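One gets the working numbering by counting positions in the sequence shown from 1 and adding 91 to each. Note that CB positions come from ideal geometry on N, CA and C, so glycine has one too. Predicted, not measured: the structure shown is a model, and the values here were computed from it.
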Amino acid sequence: MYIPQTETHPHVNGSFRAFAINESLKDVALASGFHNPQLLRNKLLINQPHQLTLNELVKITKVSKNRCIVDGLLLELDCLPSVPITETNQLSFTDVIERTLSMNTELGHITELTLALKQTRKLTEAMRHQLLSHITSLMTKLGCYAHIIEQRYSSKLNNSEY
């Protein structure tokens, strides 16, 4: 009797696929200290006996600046995606405004994909990855924006300066 295999960690598995599609695995592997890029490719296959270690995850995330695997792990744990805030300290006022305006662009992409989903009534794997990518990006930008407002402007409100 055939018993279909269910994915143990579907968010992590999906994030592995998304990472492999969006990154040059050879470049990431070599920059992360893998002697053979095929080893990283194998570790991104969830059913392989050798799986990605925490140290390797940190290395490939820092090298690629692609947090989709970390976000997949957080989703698997019923958490919101990661929000990097270290870069927000160096942003100029113009950068903050541009990031704020780019949130509308992300929302536009989400709206476009949602309308396509409504029309076709079919969610493909590629569409799912695109939606998650734009939603995660928007959440990250909103989280950074909240951090910037809190960090930069809360002290000015206390002094009645703008």
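Is the beta carbon of residue j closer than 7 Å to that of residue i?
i: THR227; j: PRO175; result: no
i: LEU135; j: ALA111; result: yes
Considering Cα atoms alone, identify which of the options is closest to residue i.
i: ILE60; options: ARG212, VAL103, THR152 and LEU165; result: Shown here, the chain extends from 92 to 253; a query on residue 60 therefore has no answer.
i: ILE160; options: THR177, HIS126 and SER106; result: SER106
i: PHE125; options: ASN113, ASN146 and ILE112; result: ASN146
i: ASN113; options: SER245, THR99, ARG158 and LYS150; result: ARG158
Give a yes or no on whether the minimum CB-CB distance between residue i and chain B is below 7 Å.
i: ILE137; result: Protein chain content of the structure displayed is limited to a single chain, and chain B is not contained in it.
Measure the C-alpha to C-alpha separation of residue i and residue j and round it to an integer number of angstroms.
i: PRO128; j: GLU241; result: 42 Å
i: MET194; j: MET230; result: 9 Å
i: THR62; j: VAL187; result: For residue 62 there is no data in the structure shown, the boundaries of the chain being 92 and 253.
i: PRO101; j: SER123; result: 25 Å
i: LEU143; j: LEU131; result: 8 Å
i: HIS225; j: LEU233; result: 12 Å
i: HIS238; j: LEU182; result: 12 Å
i: GLN221; j: LEU148; result: 22 Å
i: THR215; j: CYS170; result: 24 Å
i: LEU223; j: ALA217; result: 10 Å
i: LYS209; j: ARG219; result: 13 Å
i: LEU192; j: LEU206; result: 22 Å
Could you give the C-beta distance for residue i and residue j, rounded to a whole number, given that I count them as a contact under 8 Å?
i: ARG190; j: TYR236; result: 7 Å
Review point. Hey, is the stretch 132-148 in contact with the stretch 200-217, meaning 3+ C-beta pairs nearer than 8 Å?
Key: Contact fails between the stretch 132-148 and the stretch 200-217, because fewer than three Cβ pairs, one in each stretch, are under 8 Å apart.
Closer than 8 Å is the cut-off here; do at least three beta carbon pairs connect the stretch 114-133 with the stretch 143-161? Output reads yes: the stretch 143-161 touches the stretch 114-133.
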